[in-house]
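Here it is as structure tokens:
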């Protein structure tokens, strides 16, 4: 039987991405967060061009200029944000520090995500004993907290290699340690959503069609598990940056010669009591705003990509 | 119940074996005990002999077996720096850390639950908005910056509380050095425990709010309203208990973070606890102390996780059924 | 004489309960024993589906009717028993061998909101099976087929680039049916396809299914709990209880003269529009969970006519005079 | 005096962009001991109506205007404390899914006793014995044992019985039952319906049954309201509505039932589906699906008129009545 033209059903209007986009533009906070985050990224990327001084220049460090207050207090036009105890221009150092922090955060989360997604997919897809074993490992790892594990391992490496040697390797070590310690979060999320999606009837429908399990996994299930991953991804970059900063603060991270935001704060802490608050406070503010913006973006994504809230 | 305990024990054994392997590897690879025991003047031959006597040339496994036996009897080696059994040194500092952690947990509980619940019940109220904004910002401030700010504001600028040390302590039962019973001790406790609490608080406030809001949407809460129950009864008897289930789970996970944060806090406030000792030991390459710390912390984790699971089982009747089998 | 299309014999399926290794230990008679529990969803099902007919399977939650559908479609492996498609045995095939039968047997699912992949447009959803099973077709041929298919189920072809969430429940169920029809099967298993829909929309989907049956000479295995739909739609009805078929009869016979005590109770419980029907027959207790493989008749615990034999011996399907078959000792013995 | 009278009730949903009307100008009355049913498909607003009676619509819905009177007390203007005294005590509710309605972390006993003790000042012991008596009343075996169990230890039918028992505790005047059997199996549905019916009859309780199943409604209710897109389109005695529906929607709904056609025949379907709140058509909300729709239906909303059988909001019926009236006049 053929239906006459006028009886054919036309769907309701509106599409998912339009919906999300209009929701995004409507949310001023999210737009602002995105703009600030983009600003951070651009500045970090272009740090060598934007920074008023070249941090690699031997003349950059000049003890004659040590501890000059920011421009709006000291009136010294050379240093917008003042200088630190070694006479380095704080603005340049912060720019490079941000660049470093972001790089470490991003690389670490990429490792986390790769590892976590692979393990999560394996556990969710293979099931049974492997799943049980992997998830038990994830539980144990999770209950130890990544900070704890990172501190312990970096401490061990530092005593193993000696401080001088360690400082050369610091960046790689940080990325590896932060990257390797937080995989359970990704793994558990992916596994949970793979299990949830596998239960759904569209997967059965695909199986009934005779599609291969690989195709079902990657074409049908995986795309549907990606939104939670995106959310975690954003939040985890923020967490990785914080972890890096904390480790650097403990003296287990980036050395003072190649400072990240964390080591800048750590170095500045000593001068707080001496009255040179800006050495510590300005990098702290930079860090806090960066983390805040990323958390806001993560929150927004969580609220809007979650299909459960999206339903109506 | 028996099953639960059996499973817990198995898991605990597994975890402790891993930790002891790691800490053994640290002791084994870092620092040469022979070097520590004898001076520079001893010849290579004598050293080798001593090595043999100490069993250092045995296979890794048999060395580990010896280490494990020692560990079970409470012998985790001797600290190079303090020249005392490592375990004793650690346990000496345990009360300080525990007191710090418990005060922080106490603060978190008495602040986070009311704030989270309020923000969930009255989401549009200005106070709730304030709570959410503050906790969003709080979530983004790393603990060491919180600590620095506290020091700067309360200690340097306002001079209200001391910024380092533990102050006066009293000895109770001959084993526990407590700072709870003197005014000075409490004053010293104030800033570190606040720093620790503030750093972990936002997670809990947001979690409690989110869970509570979800629970309040549920059918059984609607049914409770339709029975004409009073608002406090619905919020605190019907909703809060359900809200606490996921909060307890997250609390268990955050216990690990809490211990990690004590290291940071103790470093900043020079609080004479285990974390401070640990960082000192790392800087001094005092390997027995480092490995002893690991084992003690591992033990603490196992105990807290078991406790959390027990509490969860007590609150959630569906879990209790699972262990009815026996 | 109708030709049997699908023949099912002695089909069993037990799902192991998800307990950890430690949880399997039990104290029994003062001894610690290890025992693996499993839920017995199907306990020996024998059914034949004829060409061009609609066989409805009815039963309450947990009677194993959905498991039956999944086992026939090869989504779940049976624990025992055989399934034949015409004269070929299909229950032990691997994925590649099954491919031939995938084109002939298709399935429509219960939940219109979960049975379509939310990340795929209607076009993608339909083109995937068509081009997968007909690799020789060019893109334009596939497009043509999709347009024709959509219009044949009453959906405008111009909406093929829409995502499932833009359609209503009834429309999604039409798309589901279109997907099942896309490989031109001759047998469709429909697992409660109407239960999530509103009455007025149910009628639309049911009409569509009947139209397609007429058009393509389809056979349906229609699984439902709604007896009104069964009465209207089915050629024959199988009543299931706790993993067994307890009565199988042509629709009219079943509704005019139900025989098995369970069927009687079930039919009397339908809330019919006419207000002067008899009081529903009350059953004792509720459907038990089949943790242990049942001994004797599955219905014994709730049956008002159960005697010692019912507790010990499982009744076999007995052919009755009016072309129905019933598995009941009471009827066999003439007690009922 | 009517026990409950709802008049000109408007309920809106407050959305980000705009206000959506969920109930439009709903009026009905309920007498003491009377059993009425509200019938409609999902999205018709029947649950919203049920919840709005005790002001439990839930965000983002709110009562925009209209009045709901329990005897002479206006419910819409009551404060939270006054409403609490009404809920459970005078108007009780039964919900759709018994699996979700009981609090999973409290025992059955806790949830029963608190309901009694909330409204009357009696000791725990007395409350317990009342609760056990009511559990017995709803035919639960060994109520003492069930009293201390948690909801997850009970089956669905059993839980719905517990819920009915908890509703009975305070002998309310009205029970609002929102799809009380939809989540249950056929045989258990029949038992629960019988139980509900017996309880209402025996105690003189008025019942508002919200259901999509006309079969269920015909078993229980004396009077039926048919809802479509937030409005009542037809109201009358259940038997009359089933045997002689006036509104095209009611006709369509009934004719779409499988038992209305011969087995194997095509069913009489209604085209299309119910519009969502945001896409409410102009004029009579049913006109895009109505086979008899005229230009007038697209532009104006029909008023409620009494057709001789039931009250209907439809121009078709109105025109027909007018024609008859004209005929009569001519004949005279």
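Chains as they are written, first to last, in full-length UniProt numbering: chain B, 1 to 312; chain Z, 1 to 326; chain A, 1 to 336; chain E, 1 to 332. Glycine is no exception: its CB is placed at the ideal position from the N, C-alpha and C atoms.
Determine the direct distance from the alpha carbon of residue j to that of residue i, and round the result to whole angstroms.
i              : j              : result
residue 298(B) : residue 107(Z) : 28 Å
residue 315(Z) : residue 9(Z)   : 22 Å
residue 264(B) : residue 5(Z)   : 48 Å
residue 304(B) : residue 97(E)  : 28 Å
residue 79(Z)  : residue 64(Z)  : 19 Å
residue 136(Z) : residue 232(B) : 16 Å
residue 152(B) : residue 66(Z)  : 24 Å
residue 142(B) : residue 182(B) : 8 Å
residue 30(E)  : residue 49(E)  : 14 Å
residue 23(Z)  : residue 300(B) : 42 Å
residue 112(B) : residue 186(B) : 7 Å
residue 320(A) : residue 261(E) : 29 Å
residue 100(E) : residue 197(B) : 23 Å
Hey, is residue i's beta-carbon within less than 8 Å of any beta-carbon in chain A?
i              : result
residue 270(E) : yes
residue 220(B) : yes
residue 210(B) : yes
residue 172(E) : no
By the criterion of Cβ-Cβ separation under 9 Å, what are the contact partners of residue i in chain B?
i              : result
residue 115(A) : 200, 201, 202, 204, 205
Hey, quick one: how far does the alpha helix (DSSP H) through residue i stretch, first residue to last?
i              : result
residue 311(Z) : 287-315
residue 130(A) : 122-133
residue 52(E)  : 46-53
residue 249(B) : 222-249
residue 203(B) : 201-208
residue 346(E) : Outside the displayed range of chain E (1 to 332) lies residue 346(E), so it cannot be described from this structure.
Are there 16 or more other CB atoms within 10 angstroms of the CB of residue i, so buried, or fewer, so exposed?
i              : result
residue 295(A) : exposed
residue 163(E) : buried
residue 204(B) : buried
residue 204(Z) : buried
residue 278(B) : buried
residue 118(Z) : buried
residue 158(A) : exposed
residue 133(Z) : exposed
residue 111(A) : buried
residue 240(A) : buried
Residues of chain Z with CB closer than 7 Å to the CB of residue i, please, in chain order.
i              : result
residue 54(E)  : 226
residue 105(E) : 241, 242, 315, 316, 317
Output, in chain order, the set of chain E residues within a Cβ distance shorter than 7 Å of residue i.
i             : result
residue 61(A) : 185
With 8 Å as the threshold, decide whether the Cβ of residue i is near any Cβ in chain B.
i              : result
residue 129(A) : yes
residue 111(Z) : no
residue 99(A)  : yes
residue 313(A) : no
residue 222(A) : no
Note the first and the last residue of the continuous beta strand (DSSP E) segment covering residue i.
i              : result
residue 306(E) : 304-306
residue 150(E) : First-last for residue 150(E): undefined, no H or E at that position.
residue 13(A)  : 4-16
So residue i contacts chain A; which residues on that side make the cut at Cβ distance below 8 Å?
i              : result
residue 224(E) : Those do not exist, as residue 224(E) stays about 12 Å from chain A at its closest Cβ, beyond 8 Å.
Give the interface partners of residue i over in chain Z, defined as CB-CB distance under 8 Å, in chain order.
i              : result
residue 192(E) : Neighbours of residue 192(E) on chain Z: none; closest Cβ ~16 Å, over 8 Å.
residue 261(E) : By Cβ distance, chain Z contributes nothing, its closest Cβ being about 37 Å from residue 261(E), past 8 Å.
What does residue i touch in chain A if you count any residue whose Cβ is under 9 Å from its own?
i              : result
residue 224(B) : 117, 118, 119
Counting only beta-carbon atoms, is residue i nearer than 8 Å to chain E?
i              : result
residue 326(A) : no
residue 43(A)  : no
Looking at chain Z, is there any beta carbon in it that lies within less than 8 Å of the beta carbon of residue i?
i              : result
residue 308(B) : The predicted model places residue 308(B) with a pLDDT of 44, which falls under 50 and marks its position as unreliable; any figure quoted below should be read in that light. It does not; no Cβ of chain Z falls within 8 Å.
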